[in-house]
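Inspection log for the structure reproduced underneath, given as structure tokens.
Number of protein chains: 2
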Amino acid sequence: MFMGEYNHSVDAKGRTIVPAKLREELGETFVITRGLDGCLFGYSDKEWEKFEEKLQSLPLNNKTARTTVRYFLSGASQCEVDKQGRILIPANLREFAGLEKDIVFIGAANRIEIWSKAKWDECNEEYDDNMDEVIADMESLGFNL
Amino acid sequence: MFMGEYNHSVDAKGRTIVPAKLREELGETFVITRGLDGCLFGYSDKEWEKFEEKLQSLPLNNKTARTTVRYFLSGASQCEVDKQGRILIPANLREFAGLEKDIVFIGAANRIEIWSKAKWDECNEEYDDNMDEVIADMESLGFNL
DNA sequence: ATGATTATATTCACCCATAAACATTTGCAA
DNA sequence: TTGCAAATGTTTATGGGTGAATATAATCAT
């Protein structure tokens, strides 16, 4: 179960150190791809397989399904952690998520997420402002603390 | 069942002693995360699992659900009580809850809460002022003393 | 009360994760 | 081949995390 928030940075070559705590569970190789809300998703090889299967099972006569498959698979990249604990984030994904210098890794249950610090902060502010509303909405999903 | 109020302090590195009474029930490892109303929540590993399951079961196509999962999981930190009874409160959580020097642990049924002393005092004052009103409101939730 | 025991607070020193700069290799194109 | 850029590897410095030691306060039993 991934959890926590880790502030990191990407170097001039687009590499970044994977937080040691997350690395333990991610392993030496894992997969990153486009995520939702402007971040990247990262899955351990095992979790990625599950995700792949879900995509495989989609009915491809459905255009929305085709689009979804393209979205996640075209963005996917197999990452190898080097001896210094770093990965290279492909240029297209960096651009997609607006990653330049300061980035944030967060654990999110079965996956990790990579955010540009700016977007992450924004996302949090927004949440703080609508907190009561969000929590109330959650009730309708059957969620209670 | 957690209960009681304990005044403590955090050191320069962000560590604090976990009240001995709470430690008995929390165990040697437990989880803290963002809470509501500006405090932190702390769960025993067992209670945390229950909470995790709730989060896992949320539908991730729902944006509100994603936001909520991010809120609690990005804030979560597995704490290990060291030989001296201390835990490290991660910097992001300290900032979130405004923990600097004087803090208050309180027991709150299935979880503990960690407050900055300032916020806790304020919270209590507010309650004292609106006591009658609050208790009356509780009736609509089916609560009677 | 008094001393013994346990809990809490504070300080210091060390080590490892990270950041950042620099060096080397590889692949490609002129 | 030669030069360049991208990718990969190495090195060093710093600061945050971690453990140990000591000081102070609170609790308990005699």
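Chains as they are written, first to last, in my numbering: chain A, -14 to 130; chain B, -14 to 130. For every residue, glycine included, the Cβ atom is placed at its ideal position computed from N, Cα and C. If you're wondering where the values come from, they're calculated on a predicted model, not measured in any experiment.
query                                                                                                                         : result
Minimum C-alpha distance to residue 61 (chain A) - residue among A:33, A:43, A:106                                            : A:33
Where residue 20 (chain B) falls, given that 16 or more other Cβ within 10 Å makes a residue buried                           : buried
Sub-9 Å separation of residue 83 (chain A) and residue 101 (chain A) beta-carbons                                             : yes
Distance, residue 78 (chain A) Cα to residue 95 (chain A) Cα                                                                  : 20 Å
Under 9 Å (Cβ pairs) to chain A, residues found in the segment -10 to 6 of chain B                                            : none
Integer Cβ distance of residue 8 (chain A) from residue 70 (chain A), believed to fall under 8 Å                              : 6 Å
Nearest-angstrom Cα separation, counted from residue 130 (chain B) out to residue 107 (chain A)                               : 43 Å
Residues near residue 28 (chain A) in its chain [Cβ-Cβ closer than 7 Å; skip 5 each side]                                     : 15, 16, 36, 96
Minimum Cβ-Cβ distance from residue 92 (chain A) to chain B less than 9 Å                                                     : yes
Same chain, Cβ closer than 7 Å to residue 105 (chain B), five either side skipped, listed in chain order                      : 89
Beta-carbon separation (whole angstroms), residue -10 (chain A) vs residue 59 (chain B), contact threshold 8 Å                : 5 Å
Residue 87 (chain A) - containing beta strand (DSSP E), residue span                                                          : 87 to 93
Candidates A:-14, A:109, A:114, A:98: closest to residue 134 (chain B) by CA position                                         : The question about residue 134 (chain B) has no answer, for chain B in this structure spans -14 to 130.
Proximity below 9 Å, CB of residue 114 (chain A) to CB of residue -6 (chain A)                                                : no
Contacts of residue 51 (chain B) in chain A (Cβ-Cβ under 9 Å)                                                                 : 21, 22, 93
Nearest neighbour of residue 1 (chain A), chosen from A:22, A:73, A:123, A:81 [CA to CA]                                      : A:73
Contact belief for residue 51 (chain B) with residue 117 (chain A) at Cβ below 8 Å, rounded distance in angstroms             : In fact, because the Cβ distance is near 18 Å, the residues do not count as touching under 8 Å.
Bridge-paired residues (DSSP) for residue 73 (chain B)                                                                        : B:0
Min CB distance residue 126 (chain A) to chain B below 9 Å                                                                    : yes
Endpoints, beta strand (DSSP E) assigned at residue 16 (chain A)                                                              : 14 to 19
Backbone secondary structure at residue 66 (chain B) - three-state DSSP                                                       : coil
Partner residues on chain B for residue 145 (chain A), Cβ-Cβ distance less than 7 Å                                           : This structure gives no information on residue 145 (chain A), because the portion of chain A shown stretches from -14 to 130.
Expected contact under 8 Å - CB spacing of residue 25 (chain B) and residue 98 (chain B) to nearest Å                         : 7 Å
Other residues of its chain near residue 49 (chain B): CB distance less than 6 Å, five sequence neighbours each side excluded : none
Beta-carbon proximity list for residue 44 (chain B), same chain, < 8 Å, skipping 5 on both sides                              : 50
Within 9 Å, strictly: CB atoms of residue 56 (chain A) and residue 56 (chain B)                                               : no
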